[in-house]
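Novice: For the sequence shown, the positions run 7 to 209 when our numbering is used. For glycine and all other residues, C-beta sits at the position ideal for the given N, C-alpha and C. Small disclaimer: the values here were computed from a predicted structure and weren't measured.
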Amino acid sequence: MSPLRNTVIAVLFGPPGSGKGTQAGFISEAFNLTHVSTGDVLRSEVAQDTPLGREVKPIMDSGELVPDDLMMRVLESTLARGTERSGFLFDGFPRTLPQAEAFDAMLASFRRKIEVLLVLDVPEEELHARILRRAAAEGRADDTPETVRTRLEVYDSETRPVLTHYEEAGDNVQHIDGVGTVDEVQERIRKAFEPIVRGRVAP
Ligand code: AMP
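1. Is DSSP giving residue 191 helix, strand or coil here?
2. For residue 120 versus residue 195, is the C-beta distance shorter than 8 Å?
3. With DSSP collapsed to three states, give me the class of residue 22.
4. Can you give me the C-alpha to C-alpha distance between residue 109 and residue 79, rounded to a whole angstrom?
5. Taking Cβ to Cβ, would you say residue 161 is nearer than 8 Å to residue 21?
6. Go ahead and label residue 10 buried or exposed: buried means 16 or more other beta carbons lie within 10 angstroms of its beta carbon, across all protein chains shown.
7. Taking the straight line between their C-alpha atoms, what separation do you get for residue 145 and residue 137?
8. Counting along the chain, where does the beta strand (DSSP E) carrying residue 93 start and finish?
9. Taking the continuous beta strand (DSSP E) assigned at residue 156, which residues delimit it?
10. Is the beta carbon of residue 24 within less than 7 Å of some heavy atom of ligand 1?
11. Take the Cβ of residue 139 as the centre, count every other Cβ of all protein chains shown within 10 Å, and call the residue buried at 16 or more, exposed below.
12. Is there at least one non-hydrogen atom of ligand 1 closer than 7 Å to the beta-carbon of residue 28?
13. Judging by CA-CA distance, which residue of 154, 124, 158 is the nearest neighbour of residue 173?
14. For residue 101, is the classification buried or exposed, using 16 other Cβ atoms within 10 angstroms of its Cβ as the cut-off for buried?
15. Let me confirm a value: residue 26 is counted as buried when at least 16 other C-beta atoms fall within 10 Å, else exposed. Which label applies?
16. Across the region 29-47 and the region 180-196, are there enough close Cβ pairs to call them in contact, namely three or more that are closer than 8 Å?
17. Mind checking who residue 125 pairs with in its DSSP beta bridge?
18. Please list the terminal residues of the continuous alpha helix (DSSP H) segment that includes residue 62.
19. Any heavy atom of ligand 1 within a distance shorter than 7 Å of the CB on residue 84?
Next comes the structure, spelled out in structure tokens:
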């Protein structure tokens, strides 16, 4: 049986510092979804000093993206495990056009597609400030002013086209105002999500 049968397939999208990780954590708990953060998966490989972790650490520290073929391997192993929950919430994936195309093809082989892609919109100045605050609080190695600039540039050049790809395909892309308190933004996301998951998720 397909590991993706009847599961919710949702993506939370947004630039670095938009609050994706925090919100994805809340929303996946609220709607009983498996939160798939490719950044978290990679950070855990780095922390465990695995061969994959050693390969990706310098790339992550520089603020650049990990190569697509490697990311697709990470994703395949995640999907192959399936989920005990009602579906998946992807956070930080897909992040390039080739990843989006490979993901679409993989989902199509299960006769599935992304059901909703929520975009957190936050103005650029606010992003800088937020990431630097997070650096002070969490000490992430890729949160220095230099890598922040790189990550925002990479978002514009590599990741934003993914959004255009889904918008042009007529997929369910919804913009969420990402400015406000964590609770306010969470409430907006919850409202957008409810019609999608209604009847399919045991809350
Ligand atoms: P994040 O926690 O999502 O901001 O990801 C942290 C870092 O992990 C990124 O700056 C990339 O180096 C790497 N990374 C995470 N997800 C991806 C992805 N889908 N494609 C390429 N690199 C990724």
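Specialist: According to the data block:
1. helix
2. no
3. coil
4. 11 Å
5. yes
6. buried
7. 11 Å
8. 93-97
9. Not the beta strand (DSSP E): residue 156 falls in the alpha helix (DSSP H), residues 151-160.
10. no
11. exposed
12. no
13. 124
14. buried
15. buried
16. yes
17. Under the DSSP definition of a beta bridge, residue 125 partners with 19, 181.
18. 57-68
19. no
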